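Novice:
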Amino acid sequence: MRVIICSLILFFMVGIVQAKNLLGLPDDLIQGGFYVGKVAPGSAVWLGDRKLKISPEGNFAFGLNWKQAGMVKMKLIGPDGVVHPQRLMVKKKKYDVEHIDGLPPKMVAPPAEVLQRIRADSARVKKARAIDSDRDDFRAAFIWPVRGRISGNFGNHRILNGTPKSPHTGMDIAAPKGTAIKAPLGGVVTMLSNLYYTGNTVIIDHGFGVSTVFAHMDTVSVRTGQQLTQGDQIGTVGATGRATGPHLHWGLNWYKERLNPALVLGK
Ligand SMILES: [Zn+2]
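In terms of this note's numbering, the sequence shown has 51 at position 65, counting the first letter as 1, and numbering is strictly consecutive.
(1) Where do the N-terminal and C-terminal ends of the alpha helix (DSSP H) with L254 fall, by residue?
(2) Got a sec? Which residues, its chain only, sit under 6 Å from V83 by beta carbon, not counting five neighbours each side?
(3) On the CB-based measure, 16 or more other CB atoms within 10 Å of its CB, does G1 come out buried or exposed?
(4) Starting from V94, trace the alpha helix (DSSP H) both ways and give me its first and last residue.
(5) Take N147 as the anchor and find which of V94, P71, Q212 and T210 has the nearest alpha-carbon.
(6) Using only CA atoms, which one of L234, S108 and F128 lies nearest to M157?
(7) Straight-line CA distance for L15 to L33?
(8) Which residues are close to ligand 1, meaning CB closer than 6 Å to any heavy atom, in chain order?
(9) On the DSSP bridge list, what partners appear for G267?
(10) Out of curiosity, what's the CA-to-CA distance linking A126 and I86?
(11) Run through DSSP, which three-state label would V250 get?
(12) Could you tell me which residues DSSP puts in a beta bridge with P71?
(13) For P12, which residues in the same chain have their Cβ closer than 8 Å to its Cβ, ignoring the five residues on either side in sequence?
(14) Cα-Cα, which of G173, P71 and T149 is closest to T210?
(15) Counting only runs of 3+ residues fully inside the stretch 183 to 209, write out the beta strand (DSSP E) ranges in chain order.
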């Protein structure tokens, strides 16, 4: 009898472990995290109410909101039509409060005459982030676009010249002006512009809604539509737009969801 009970417990434990691994995801998810999973070809995967894009090989990607907390409900429907509900825990990330002083007042509260430009800027960025291509560069391991001291973390609550602003949407890497910025993954340049807040800005599409943005660049050495291999130089570090000194503001997105770039980098 004891052997039967032990076998049953073992059976259920193995069942739980296997159920989680069906999506090919890590055991611990973190808010603001980016994840690539793999399932049997012909499967369907849902994140909450959202059906995820899946490649013919069964690869998929998604990101979690920076404030996502508790449990996420996912669902796998295998090629055989069997439904496997999945519940994954999301760990919280600690975000700090960051004070930045000495910014020109017009950069903190933009004058009325630039509001139209700012709206046009954000529409262009939004359009680039909505691109839904089939490329699969997102499956590779990211490399640092620039090596340097992290001078601003993702998710920090920013107080600019004493005024609370929306949280920091990327990661700041301090480096001397002119330092080469490299493509962290292969991809295609989908937007290139001089924007009011972020200065010389480049967006690269890595497929399946995954994109990265590079801001405050001094020079830009790519053109829109250019295909990039991981490590290709896209320009140099600068301080254009709203910046107090030369650094790269690097952002990672899954469609419009802003993700934490630090979580995809190796040490
Ligand atoms: Zn930044």
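Note that the Cβ used here is the ideal one computed from N, Cα and C, for glycine as well. All values derive from a computational prediction rather than experimental measurement.
Specialist: Per the coordinate set shown:
(1) Residue 254 falls outside the range modelled here, since the chain spans only -13 to 253, and no answer is possible.
(2) H143
(3) Here G1 scores only 42 on pLDDT, less than 50, and its place in the model is too uncertain to base an answer on.
(4) P91 to V94
(5) Nearest of V94, P71, Q212 and T210 to N147, Cα basis: V94.
(6) Ranking L234, S108 and F128 by Cα distance to M157 puts L234 first.
(7) 13 Å
(8) G138, H154, G156, D158 and H235
(9) Because the chain in this structure spans residues -13 to 253, residue 267 falls outside the shown range and cannot be described.
(10) 35 Å
(11) helix
(12) Answer is K61.
(13) Excluding five sequence positions before and after P12, the CB atoms of its chain that fall closer than 8 Å to its own CB belong to Y21, given in chain order.
(14) G173
(15) Runs of the beta strand (DSSP E) inside the stretch 183 to 209: 185 to 191 and 196 to 203.
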